[in-house]
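Residue numbers (the working numbering), protein chains in the order written: chain Y, 21 to 133; chain P, 43 to 156.
Yeah, the Cβ is synthetic: ideal placement off N, Cα and C, and Gly gets one too.
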């Protein structure tokens, strides 16, 4: 089955700096890669996703890149703000009838004001 | 996206008892899933709730411990049976609208077993 590895486990940046979180996956059949943000005590919320037919996707300060050959994808947050502080999870799934999703271990991002 | 209501939001239970968690969606959804999130950990898929048939369980999870129902396209329940302190966790339901759509999560049920 799919195995997703995520690095780093913790990341601390100064406000205004960029943050990068990286994930690798094992199953070459995976073709959908969402990113979730989970604030303390809250539900995981989808912040951006990318499908395998695209190499990069941007939404304001957030971007995701995908390298299918190397089986890795990354989340980039620019101009970080204190409200970006949260745990971020990457995930990978195969978009078939099951839509099973496997999550990375998570990255705790702290943005210092 | 769909509005997902999960209840109870939290509970404290005695060991050996069972608790049923409900997940209600405000629109019909193709897929419903149940996850466990242990303190400070990632999300682990327990099972896919199949409408009108038995749930599909992941390795390490069995129907006797985590029976699941899904009577229609908007509702599912997860029961945590014969609870022990190791079952203390957050249990989350998620929904997906199909093969090319993301999953969205409910607020979760924080369960503590004494």
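- DSSP places residue 103/Y within a helical segment (H, G or I) once states are collapsed to three.
- Counting the other Cβ atoms within 10 Å of the Cβ of residue 32/Y gives fewer than 16, which makes it exposed.
- Going by C-alpha positions, residue 93/Y is about 11 Å away from residue 71/Y.
- Among the residues of the stretch 63-89 of chain P, those with a Cβ less than 9 Å away from any Cβ of chain Y are 72, 73, 75, 77, 79, 82, 83, 84, 85, 86 and 87, in the order of the chain.
- Judged by DSSP in its simplified three-state form, residue 133/Y adopts coil rather than helix or strand.
- DSSP places residue 149/P in no beta strand (DSSP E); its state is neither H nor E.
- For chain P, the residues of the stretch 46-66 of chain Y that bring a beta carbon within less than 7 Å of one of its beta carbons are 54, 63, 64 and 66, in chain order.
- By the neighbour-count definition (other C-beta atoms within 10 Å, threshold 16), residue 132/Y is an exposed residue.
- In the DSSP annotation of this structure, the continuous segment of the beta strand (DSSP E) that includes residue 39/Y starts and ends at 39-45.
- With respect to the C-alpha of residue 151/P, the residue from 67/P, 63/P and 45/P having the closest C-alpha is 63/P.
- Under the 9 Å criterion on CB atoms, residue 102/P is classed as non-interfacial with respect to chain Y.
- Using a CB distance cut-off of 9 Å, residue 120/P does not count as an interface residue toward chain Y.
- Linking residue 68/Y to residue 153/P through their CA atoms gives a straight-line distance of about 29 Å.
- Here the alpha carbons of residue 79/P and residue 75/Y stand approximately 30 Å from one another.
- Rounded to the nearest whole angstrom, the CA to CA distance from residue 96/Y to residue 58/P is 46 Å.
- Residue 120/Y sits in coil when the DSSP states are folded into three classes, being neither helix nor strand.
- A Cβ-Cβ distance of about 23 Å is found for the pair residue 52/Y and residue 129/Y, leaving them out of contact under the 8 Å criterion.
- Contact holds between the stretch 70-89 of chain P and the stretch 132-141 of chain P, because three or more Cβ pairs, one in each stretch, are under 8 Å apart.
- Distance from the CA of residue 43/P to the CA of residue 55/P, rounded to the nearest whole angstrom, comes to 33 Å.
- Its chain contains 66, 69 and 111 as the residues whose beta carbon lies nearer than 7 Å to that of residue 54/Y, once the 5 sequence neighbours on both sides are disregarded; these appear in chain order.
- Distance from the CA of residue 100/Y to the CA of residue 30/Y, rounded to the nearest whole angstrom, comes to 15 Å.
- For residue 109/P against residue 126/P, the beta-carbon gap comes to about 16 Å, at or over 8 Å, which does not count as contact.
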